Every structure is written in structure tokens, then in C-alpha cells.
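Below is one structure, written out as C-alpha cells; comments come after it.
In UniProt numbering, the protein residues as written are 1 to 321.
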């Protein structure tokens, strides 16, 4: 695993050196691409270490020759039988952050401790090194999880199943979720499930979208994912037929009132309602809050409310909005 944070390039160029400008990166005339990685402490990668305060165990695994994931196991005292599995895609506009980062390790540690779930978060390839890798690698990760429920899968036959999944995760209760770009990836994974399928022993029970990234800047997304279907690519502009056929019974969507992506999130909710999908849609708007505020301001009252809502969603409890 690569936990290094010492490969940061010191960028030094002038305005006239830029050929294309986007919200999250500049393309220079010499072909280099400068991603505006915040390089804040929370974005730095750290190796796995069990969390003493919560009792959550953490480890990293290679799920293919090129794709890694961070796994989180709830405290053994809380594991009575198998628990739901949360397949979580981190945010970062497809070009920043990692499940190995301080912020996302803390976020998922808290989720696992509070929700009593096993969590898997894939270290998907980022732009510009891996254009479109966010979708491809996440699908590899979800298929890897699903293979633990298939006696005919290669890892099953070779005895290479990951025990944290095979021994502790209830694969009939899988939740796919993510924030920002990770929420977009989550929707794309649901589309893949419908079109390509998973084995019959795996059921996606619900999808959780936190401040989802849909359709903010089509040109930027197409630059990051050059193999696309144009401005109306269904990964960025979900089609009604895909929404109508979502492979889960429940969806939970969070919006932030002053999020620059809020309007696109509202449209997603509206389109899902009119698509004919016959599942249960729940939602919550974080009043007066910006995009992904909960990642760093995790003790904020609205951030705590997000946690409570997700917990109730996973465990069927009804909490007043």
C-alpha cells in the first residue's frame, strides 16, 4: 500500500501557461494537469490502525492487482451474528482524497462504531493518473464484495475470502453510499448492478447519497472521464429509465442549503420521484450548511443529525426530519 504524502509537486506557473481552467484543476499548455488538492491535514494518507476509543478494527487489503480498499470492522462486543455491509465511496471530485486519508478514516470509523456495520471503501484511481478509474475500480470493489456470497467465485473456491466480510457481513443487507463525487459513483454502481447484475445471494437494500455531485460542470467531468456519452452521460445526468429501475428498495438523499451542487441534487430527487421507481425515498436538507461540511465539522449538530438519519435508515427506525 502507498501511504506516502511526500509526492506533492510544488507548482510554479503563470496565467499565460494555462490552456484550460476548471473548478478543481488547471490544464497547462505543456500538457501537465494541476489538481487543486487542498493538502490539508485531513487529506493526508495514514496507515491503518485500530481505533482505541471506539474499538473499531481497520485494515487495508488488495482486492485486485491494482485496486486496494480500507475495511472497517465494528467492535466485537457489538457483533452478534452478521451485520449490514456499507460499501462507501469517498468524495473529492474524482481527483482528490482517499479512504486512507485522515478525514475519511475518521468518518468511516465513526459510522461503523455508531451504525454497527462492516464498511468497505475502495481506493479508486484518481484523475489525472487514472481517468475514469473512479467508476471502474469501484465496480471491481463491489464485485469483490459480492464474490464472498458466491460459492462459485474464484476467491471462494481458492479459500481466499476476506474473513471480515465472510464471517461478519450480512450480504443480504448491503448499502451503497458516498458523499459528493462518491455519491455520484454510488448511483453509477447501482446502474451497473441493474445492467450487469451481482450474484443472487447479494442484495442491495439501500443507497445513501450525501451532497451528491451531479451535472455541475459537464465539461469538467468529461475532461476527467474522457470515455463518456457526452453532456447527457447517464452517470452525470441520470436517465429516467435508470432511476425507475434502481436495484434497491430505499434511497436516502442529503442536501446542503448553501451547497454549490444543491440544485443538481434537488433535480435528482425530483427526477427519482417522477421516474416511476416504487421504492421509499427519504431526504434531509442541512440548513445553512455548505457542501460536505460534515467531513471536517463532524461534531456540528447537523453532522450529528446526518449520522442519526443514516443509522435509522440502515436499521429501519423512524426519526423525525
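Where is the CB? At the ideal position from N, CA and C, for every residue including glycine. Computed from a prediction, not measured in an experiment: that's the story for all the values here.
In the displayed model, residue 282 falls within a strand according to three-state DSSP. Annotation: residue 13 is outside any beta strand (DSSP E) and is labelled neither H nor E by DSSP. Annotated three-state conformation of residue 30 is coil, per DSSP.
DSSP places residue 247 in the coil class of the three-state scheme, outside both helix and strand. In the pairwise beta carbon analysis, the stretch 109-122 is classified as touching the stretch 71-90: at least three pairs are separated by under 8 Å. In the three-state reduction of the DSSP assignment, residue 163 falls in the helix class, which pools H, G and I.
Bounds of the alpha helix (DSSP H) holding residue 263 are 262-274. For the pair residue 288 and residue 255, the Cα-to-Cα distance works out to about 11 Å.
Residue state for residue 20 is assigned as strand, using DSSP reduced to three classes. Excluding sequence positions up to five before and after residue 237, its CB lies within less than 6 Å of the CB of 215, all in the same chain and listed in chain order. At the C-beta level, residue 148 and residue 211 stay beyond 8 Å of one another.
For residue 3, the three-state secondary structure derived from DSSP is coil. Bridge partners of residue 131 according to DSSP: none are assigned.
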